[in-house]
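Novice:
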Amino acid sequence: MPIVDPLSADEKRMPYQLPFPKEAAHEIVVPKALPDDERVWVPQAEGVSFRPLCLNASSGYWMNLLRVRRAGILSRHRHTQPVHGWVLKGRWHYLEHDWVAEEGSYVYEPPGETHTLVVPEDCLEMITYFQVNGTMVYVDPYGKVMGFEDVFTKIDMCRRHYEAAGLGADFVDQFIR
Ligand code: FE
Numbered sequence: 050m051p052i053v054d055p056l057s058a059d060e061k062r063m064p065y066q067l068p069f070p071k072e073a074a075h076e077i078v079v080p081k082a083l084p085d086d087e088r089v090w091v092p093q094a095e096g097v098s099f100r101p102l103c104l105n106a107s108s109g110y111w112m113n114l115l116r117v118r119r120a121g122i123l124s125r126h127r128h129t130q131p132v133h134g135w136v137l138k139g140r141w142h143y144l145e146h147d148w149v150a151e152e153g154s155y156v157y158e159p160p161g162e163t164h165t166l167v168v169p170e171d172c173l174e175m176i177t178y179f180q181v182n183g184t185m186v187y188v189d190p191y192g193k194v195m196g197f198e199d200v201f202t203k204i205d206m207c208r209r210h211y212e213a214a215g216l217g218a219d220f221v222d223q224f225i226r
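Listed below in structure tokens is the structure:
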């Protein structure tokens, strides 16, 4: 049976005509997600930095590029909420799994998962786009809590770094929703 399309040709080309909900936040568009300015990368540990894209304080998650320029073990952590990752460059793996996330790979990390991130010796740089929901809890091999990160600790790190780097503490505000 043919589907009847009630819209005229003009209506099909028309932008949405109604106001957005007044509580809706503004969109974010980052023209250079991989920035030209090195100062946009926030140092996190020796050889490890992140580039914020969306720091969603109202929903408790963050989207960022994680960049690692050193080989070896980076962190052991547990997730309370799901994580989605897309490897843009290089590769990495977890001690707890036998797969390797390669350039172009998508990875889903379920809540309750605890893993130890490793970048191999022959990988000079890895960059992965991560959506991290909730809290990352840093643990020892037996689950003892060593620390945590959430969207609020990420925002704090950005503020401190951007202030020190000369971009101004409020540089981070464009990424916060
Ligand atoms: Fe993880």
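In terms of our numbering, the sequence shown is residues 50 to 226.
Beta carbons are placed, not taken as given, at the ideal position from N, Cα and C, and that holds for glycine.
1. What number of angstroms, rounded off, separates the C-alpha of L172 from the C-alpha of H164?
2. Using the beta-carbon of each residue, find all residues closer than 6 Å to any heavy atom of the ligand FE and list them in chain order.
3. Hey, H126 and Y157: beta-carbon distance below 7 Å or not?
4. Since H128 and M185 are thought to touch, with beta carbons under 8 Å apart, how far apart are those beta carbons, to the nearest angstrom?
5. In terms of residue numbering, what span does the beta strand (DSSP E) encompassing F99 cover?
6. Cβ atoms of G121 and V200: under 7 Å apart, would you say?
7. With distance defined between alpha-carbon atoms, name the residue in Q180, G96, V149 nearest to P160.
8. Note down, in chain order, each residue of its chain lying with its Cβ closer than 6 Å to the Cβ of A142, except the 5 sequence neighbours on either side.
9. How big is the Cα-Cα spacing for K193 and Y187?
10. Note down, in chain order, each residue of its chain lying with its Cβ closer than 7 Å to the Cβ of V89, except the 5 sequence neighbours on either side.
11. Residue range of the alpha helix (DSSP H) that E212 falls in?
Specialist: Reading off the structure:
1. Numbered from its first residue, the sequence shown carries residue 172 at position 123. Numbered from its first residue, the sequence shown carries residue 164 at position 115. Here residue 172 is Cys; the residue named in the question, Leu, does not match the sequence. One C-alpha to the other measures close to 20 Å.
2. H126, H128, V132, E158, H164
3. As a working mapping, residue 126 is identified with position 77 in the sequence shown. As a working mapping, residue 157 is identified with position 108 in the sequence shown. Not in contact: H126 and Y157 (Cβ atoms no closer than 7 Å).
4. For this step, residue 128 is matched to residue 79 along the sequence shown. For this step, residue 185 is matched to residue 136 along the sequence shown. About 6 Å separates the two Cβ atoms, so the contact holds.
5. By one-based count along the sequence shown, residue 99 stands at place 50. Taken as a continuous stretch (DSSP letters only), the beta strand (DSSP E) holding F99 covers 97-105.
6. The residue labelled residue 200 in the question sits at position 151 within the sequence shown. The residue labelled residue 121 in the question sits at position 72 within the sequence shown. No, Cβ-Cβ distance for V200 and G121 is not below 7 Å.
7. In the sequence shown, the residue the question calls residue 160 occupies position 111. With distances taken between Cα atoms, P160 lies closest to Q180.
8. The count along the sequence shown starts at 1 and reaches residue 142 at position 93. In the sequence as displayed, the identity of residue 142 is His instead of Ala. For H142, where only same-chain residues beyond five positions count, the Cβ hits under 6 Å are V149, V167.
9. Sequence index remark: in the sequence shown, residue 193 carries index 144 (1-based). Sequence index remark: in the sequence shown, residue 187 carries index 138 (1-based). Answer to the nearest angstrom: the Cα atoms are 8 Å apart.
10. Walking along the sequence shown from the start, residue 89 turns up at place 40. Only R100 meet the Cβ criterion.
11. The residue given as residue 212 occupies position 163 in the sequence shown. E212 -> alpha helix (DSSP H) spans 200-214.
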